[in-house]
Amino acid sequence: MSHAASGEGIGQPIRRREDMRLITGKGQFSDDMNLPGQTYAVFLRAPHAHARIGAIDTAAALKMPGVLAVLTGKDLLADGLKPIPHTPLLAHPAEIIPENTDGTPVFTAPHYPLATDKVRFVGEAVAIVVATSIAAAKDGAEAIAIDYEPLPAVTDTVAAAAPDAPQLWDQHSNVALDARLGDAAATAAAFKRAAHVVKFKTWVQRITGVPMEPRAALSEYDPQTKRYMLHAGSGGAVRLKNDLATVLGVPSDDVRVLMYDVGGNFGTRGMIYPEFAAVAWAARRVGKPVKWLCERHEAFLCDYQGRDLAVEAELALDRDGTFLAMRGSNIGNAGAHTTNFSPLQKGVEIASSIYRMPAADFRARAVLSNTAPTRPYRSAGRPEVMYVMERLIDLACRDFGFDRVEIRRRNLIAPSELPYTNPFGMTYDSGHYREVMDRALKEGDWDGFPARRAEARARGKYRGIAVANYVDTATGQPRERTDITIRRDGVIDVVIGTVSNGQGHETTFAQCINEWFAVPVDKVNIITHDTDIVKVGGGTHSGRGMRLASYVMKIASDEIVEKGKRIAAHLLQAKPAEIDFTDGHFRVTGSNRSVGLFEVAAAALDQSDLPGELRGPLTATCDKVVKEAAFPYGAHVCEVEIDPVMGNVEIVKYTTVDDVGRAVNPMIIHGQTHGGIAQGVGQALLEHCAYNAADGQLMSGSFMDYAMPRADDFPFFDTFISEVPMPSHPLGIRPAGEGGTCPALAVTVNAIVDALADLGVRHVEMPATPERIWRAINGKKDVSIAKAEG
Amino acid sequence: MYAFDYHQPKSVDEAAQMLGAKPEPKLLAGGMSLLPTLKLRLAQYTDLVDLSAIDSIKGIERDGDALVIGAMTRHVEVATSDTVKRAIPALTTLAGGIGDPLVRNRGTMGGSIANADPAADYPSAVLGLGATVITDKRQIAGDDFFKGLFETALEPGEIVMAVRYPVPLQAAYIKYPNPASRFALVGVFVARTAAGVRVAVTGAGPCVFRLTDAEALLAKNFSAAALENFTVKPDGLNADIHATAEYRAHAVAVMLKRAVAAAGGNT
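Heads up: the sequence lines are chains A and B, in that order.
So the first sequence is numbered by our numbering: it starts at 261 and just counts up by one.
So the second sequence is numbered by our numbering: it starts at 1322 and just counts up by one.
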């Protein structure tokens, strides 16, 4: 069948082939896996935000019926386990790597799977109990007695950076990284001659990813082969394998990681968790498979959380609204461990967005605090800085009378200026920024807004609108590999190192293969689940799934076609240069002599008269380091209506134009955008990991208190795709997964502030809850949520 | 969840006997609050006595000037009952707004009032309509039933069989939902009955309570206009990560006005 006839190739909005399996309960998630004789693990977690661990008495726990083992940090050290290998800063060749201003190395703290000396956040794992049932393991955990010496705790981002804050690690202050980026002198000079300066201070609150599938692990140790096997969902199988081997202190080939379906990642599941290593270690200790399922209340406590950035920023403009410079300070709250500073890094380096910004000067600090560790969460770091940039622009418009659209048009980088190196050193490669914004304004009917505002006002509602631009730097692990094999039975095997966490790779990767080989999508076998097969691969993060998978798949596919042409030339008695490959057939140019792809594959296996180098499986490998970053960008327009009596916000219209370079499956991209908007608006209006500042207890520990966005919080979205090819990618693809979230914080808050402008409201912090809006309208002081607890 | 023995009696008498005979028993109605509590090991009972097989405490009946709803009637049944809608449409709204469809399919009226969650919806109807709680031992006036946070007038071993709601002249329930749980951040039940005007507030305080000063204003003039200058003091109201006492006090006044309007108050 021709791919044109099948309608499944690149650009086709076909339905996801995995969905029927997933929605009929036939998915194979980690908790669906079971092994004969398996036992169950439960973790005892820290009740204190900060405390020294004294004596641990496990005797009573070990006597509980069914309890097989109780292991603590002391046992872990005795067994020689290593800390989790963290590389908090991303070393991708296209990234700016911040360094400490004083020249000292960036602090990394040892993060053991179980706390050894102190507990540093509520929910940190202190002991693992293995038993014949979950209930027995819980009984055991309750019977453990621990002497804690509670210590003062700090959870607030700015407070944690203060010199007199309670210090988490004896060997270093809480400020693990203190860098400065940009050009301080040029920036100071620009501010000096600026006609206008606008200032903005905010806190991008901490939220959490809440994947639908909670974490789970099932591990088995084989004493014969000395190999560990772990079933656990993650952003990538290969990295999890390598990190697990490091913690266990074994060669990486002694670990096999398996993951079939993964129910959501968003960065939350992007790397190894302490529990995964503890479960594998426990499986060796008890000599039986050990299974663990993270309960939802545990997920709220100790899933890696996201955002949490304290910002002070200023923008300098000349008389006509041209941007001259920006400066400020970003403090990222890393939580209790030096897990990952890339949200800070990836944010600050593009803080000027896609606007022409001659100079910038930013201080970037990563601070430790008595909270769950943070790491990238959907579009790590970028939504935060886009929010700050777009708020600065709208504040400047308000203070100095600029038009919100005209000022953006004036300052957006023009296509003729690309590639453009921003004041932090990042080079944007391509894009039609103004065109995309203008399209969003048109699709969002910006010009018709005044009439809608008047109509709403007549109903007693305050209506506001905003537009926000964004750019998203996609980097991540630069290396990816695929092994593609044409099988004689009409199936193409694609082994690749990016696991789907719900993005639909089984469909979209197969659509690429369909495009090149004209084989039905159903006949493409995407293999990602087993590190004994998948040896190399960076996983799914930083907009690298489709971007890098298509990159290596294209190169490997081209190699197969070239090899196939040479085989077909033998079979058809022609010269390789005379062979065309179209619609899955090798043809002699200008004749009707042809041979199919799978016949060629069979011939390569069967025909002994072929030259040696053409015999064997028709297969190709591409293992490549992609050094370029990708820069998806776009514009969102949001329209809200506010009930001034209670402060409720209703999103009445939401329009997006996201440039994805080339859309492999537009339907899936629209779906990605919908989810991304919900996560961004969720932050703007609802979500918050609230810690009690006094004692460090988490106050949003369940869905009763953590406000997740729901379908009825949104209108139908109007999402549009722009396709300006990215020059450095063989197919022109830009990532599409993070655009929905990137400008959503900014555009939502700006729309709220616009709605309330007539009431004198200048800003509302996130989450912009009804109470916060009501307070702003009524001139009452904002009450921080944590302090409202009293 | 700690281990317990499970029982499913067929009659109220049998259930009462079990409650008397077991060391630490607990009645199980719909289980929508109890089961999560047990799963998190926040409570421990030796025996769960499941009331779901007792038909005599299920169902909805119009009885003269009252509506009698059996304790084990599920929220979905109240929300979809024509009898309820004709007699007290405010109850239709209230039951239809509890939790989500899964909760409404399992949760029961009796379970809700016996649990006395400070943010539950039903207690406001019992108090706001001046209903009578009928147990296997006695009848308890709505005004005497709710005693505090998760605390009622029920004696150990006492079983709620039904609630008798007087059919009001006008009534409405308006809830301002908690954005996370969608329980009542504030819920106001207002009713004009033969016995007078009643206003009951849930979600705002540690226990459902009446707003007697608003009742007095509405008794003179049952209209939102009568409440124009009415405000609520924040003293003693709940404060948590979702709202301050000050905002809750504001919400009570606003929801009350909206409830009076919804009840068809004079305009």
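For glycine and all other residues, C-beta sits at the position ideal for the given N, C-alpha and C.
Own chain partners of residue i with C-beta closer than 8 Å, once the 5 adjacent residues on each side are dropped
{"i": "A/F769", "result": "V754, I756, V784, I786, M806, A809, S810 and M813"}
{"i": "A/I752", "result": "I744, T745, I746, I773, F777, V779, K783, V784 and N785"}
Chain B contact for residue i (CB, 8 Å cutoff)
{"i": "A/S960", "result": "yes"}
{"i": "A/E1031", "result": "yes"}
{"i": "A/M906", "result": "yes"}
{"i": "A/L374", "result": "no"}
{"i": "A/Y966", "result": "yes"}
{"i": "A/W1034", "result": "yes"}
{"i": "A/K398", "result": "yes"}
{"i": "A/L946", "result": "yes"}
{"i": "A/A395", "result": "yes"}
{"i": "A/F963", "result": "yes"}
{"i": "A/V909", "result": "no"}
Three-state class that DSSP yields for residue i in the structure shown
{"i": "B/V1397", "result": "helix"}
{"i": "A/V645", "result": "helix"}
{"i": "A/C898", "result": "strand"}
{"i": "A/M686", "result": "coil"}
{"i": "A/K1007", "result": "Before going further, note that residue 1007 of chain A is Val rather than Lys in the sequence given. In this structure, A/V1007 counts as helix in the three-state DSSP scheme."}
{"i": "A/M489", "result": "strand"}
{"i": "A/V327", "result": "strand"}
{"i": "A/A265", "result": "Reliability of the predicted coordinates at A/A265 is poor, the pLDDT of 49 falling under 50, and the value obtained from them is presented with this limitation in mind. The answer is helix: DSSP assigns A/A265 an H, G or I state."}
{"i": "B/L1450", "result": "coil"}
{"i": "A/E1049", "result": "Reliability fails at A/E1049, whose pLDDT of 37 lies under 50, so the model's placement of it is uncertain and the value that follows must be treated cautiously. Coil."}
{"i": "A/E677", "result": "helix"}
{"i": "B/E1475", "result": "The residue asked about is misnamed: residue 1475 of chain B is Leu in this sequence, not Glu. It is coil, neither helix nor strand."}
{"i": "A/L478", "result": "strand"}
{"i": "A/I610", "result": "coil"}
{"i": "A/D362", "result": "coil"}
{"i": "A/G907", "result": "coil"}
Residue j beta carbon less than 8 Å from that of residue i
{"i": "A/N593", "j": "A/S639", "result": "no"}
{"i": "A/E899", "j": "A/Y722", "result": "no"}
{"i": "A/G685", "j": "A/G736", "result": "no"}
{"i": "A/G400", "j": "A/V507", "result": "no"}
{"i": "A/A315", "j": "A/V389", "result": "no"}
{"i": "B/Y1494", "j": "B/G1517", "result": "no"}
{"i": "A/T849", "j": "A/D843", "result": "no"}
Beta-carbon proximity list for residue i, same chain, < 6 Å, skipping 5 on both sides
{"i": "A/S982", "result": "V696, V917 and D919"}
{"i": "A/A492", "result": "S290, A477 and F536"}
{"i": "B/V1424", "result": "M1353"}
{"i": "A/Q565", "result": "R466, T468, A632, T634 and C949"}
{"i": "B/T1404", "result": "I1381 and R1383"}
{"i": "A/V515", "result": "Y488, K501, L504 and A505"}
{"i": "B/I1378", "result": "G1391, A1392, M1393 and M1482"}
Whole-angstrom C-beta distance between residue j and residue i, which should lie under 8 Å
{"i": "A/L672", "j": "A/S690", "result": "That belief does not hold up - the Cβ atoms of A/L672 and A/S690 are roughly 14 Å apart, past 8 Å."}
{"i": "A/A454", "j": "A/D578", "result": "7 Å"}
{"i": "A/V796", "j": "A/R739", "result": "7 Å"}
{"i": "A/Q867", "j": "A/R567", "result": "With 8 Å as the limit, A/Q867 and A/R567 do not qualify as a contact, their Cβ atoms being about 59 Å apart."}
{"i": "A/A543", "j": "A/E480", "result": "6 Å"}
{"i": "A/T767", "j": "A/I274", "result": "7 Å"}
{"i": "A/R670", "j": "A/T582", "result": "6 Å"}
Min CB distance residue i to chain A below 8 Å
{"i": "B/Q1329", "result": "no"}
{"i": "B/T1565", "result": "yes"}
{"i": "B/I1562", "result": "yes"}
{"i": "B/M1430", "result": "no"}
{"i": "B/Y1568", "result": "yes"}
{"i": "B/A1525", "result": "no"}
{"i": "B/V1397", "result": "no"}
Neighbourhood of residue i by C-beta distance below 7 Å, restricted to the same chain and skipping five residues each side
{"i": "A/L411", "result": "H310, A311, R312 and P426"}
{"i": "A/A419", "result": "A425"}
{"i": "B/F1551", "result": "A1535, L1538 and A1574"}
Exercise for the section: Could you name the residues of the region 545-568 of chain A whose beta carbon sits closer than 8 Å to any beta carbon of chain E, in the order they occur along the chain? Expected result: The structure shown has no chain E; the protein chains it does contain are A and B.
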